[in-house]
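Asks: The C-terminal position of the sequence shown is numbered 125 in this note's numbering, with every residue numbered one higher than the one before it.
From the three backbone atoms N, C-alpha and C, an ideal C-beta is built for every residue, glycine too.
All values reported here derive from a predicted model rather than from experimental measurement.
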Amino acid sequence: MGAVAELDYDAPYGERQVYGVSAKYTYGNTAFSLGAQYADWNNAAVENEVLGLANVRHDLNKHLAVFAEGALYSKDKPTVTQGAKSDNVNLGLIVSF
Numbered sequence: 029m030g031a032v033a034e035l036d037y038d039a040p041y042g043e044r045q046v047y048g049v050s051a052k053y054t055y056g057n058t059a060f061s062l063g064a065q066y067a068d069w070n071n072a073a074v075e076n077e078v079l080g081l082a083n084v085r086h087d088l089n090k091h092l093a094v095f096a097e098g099a100l101y102s103k104d105k106p107t108v109t110q111g112a113k114s115d116n117v118n119l120g121l122i123v124s125f
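(1) Specify whether the stretch 42-59 and the stretch 84-100 touch according to this definition: at least 3 beta carbon pairs, one from each stretch, less than 8 Å apart.
(2) Alpha carbon to alpha carbon, how far is Y101 from A67?
(3) Could you pull out every residue in the same chain whose Cβ sits closer than 6 Å to the Cβ of M29, ignoring the five residues on either side in sequence?
(4) Give the range of the beta strand (DSSP E) segment to which S16 is assigned.
(5) Starting from A82, follow the beta strand (DSSP E) in both directions and report where the run begins and ends.
(6) Quick one: residues in its chain with C-beta nearer than 6 Å to the C-beta of I122, no 5 flanking neighbours on either side, listed in chain order?
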């Protein structure tokens, strides 16, 4: 069971609703996650957004894990403005004590 709360500095309360779904599968020491988010903007001048998410995490031992994750929007933004969101891929190392 889980819960998510999102604090979004560029979308004050009441300007949009965000809906999401995700799934996780674990095989041995490796976990695979897929998800999607849909942002429904109340302002007709702002286009609604769909974001696809994917994550792979592998636990090397109880103290170290590596991960790769991607966040891809369904449509590219026509122009990039300051503070605009775009696709990204992250690679990382998790250290637990």
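Replies: Reading from the atomic positions:
(1) Contact holds: three or more Cβ-Cβ distances are below 8 Å.
(2) The alpha-carbon of Y101 is positioned some 11 Å away from that of A67.
(3) For M29, the predicted structure reports a pLDDT of 48, less than 50, and the residue's modelled location is therefore unreliable. A value from the coordinates is still provided. Within the same chain, no Cβ atom closer than 6 Å to the Cβ of M29 is found once the five residues on either side in sequence are excluded.
(4) Limits of the chain in this structure are 29 at one end and 125 at the other, which puts residue 16 out of reach.
(5) It spans 77-87 - the beta strand (DSSP E) in which A82 sits, taken as one unbroken run.
(6) If we look at I122 and ignore the five residues flanking it on each side, its Cβ neighbours are A93.
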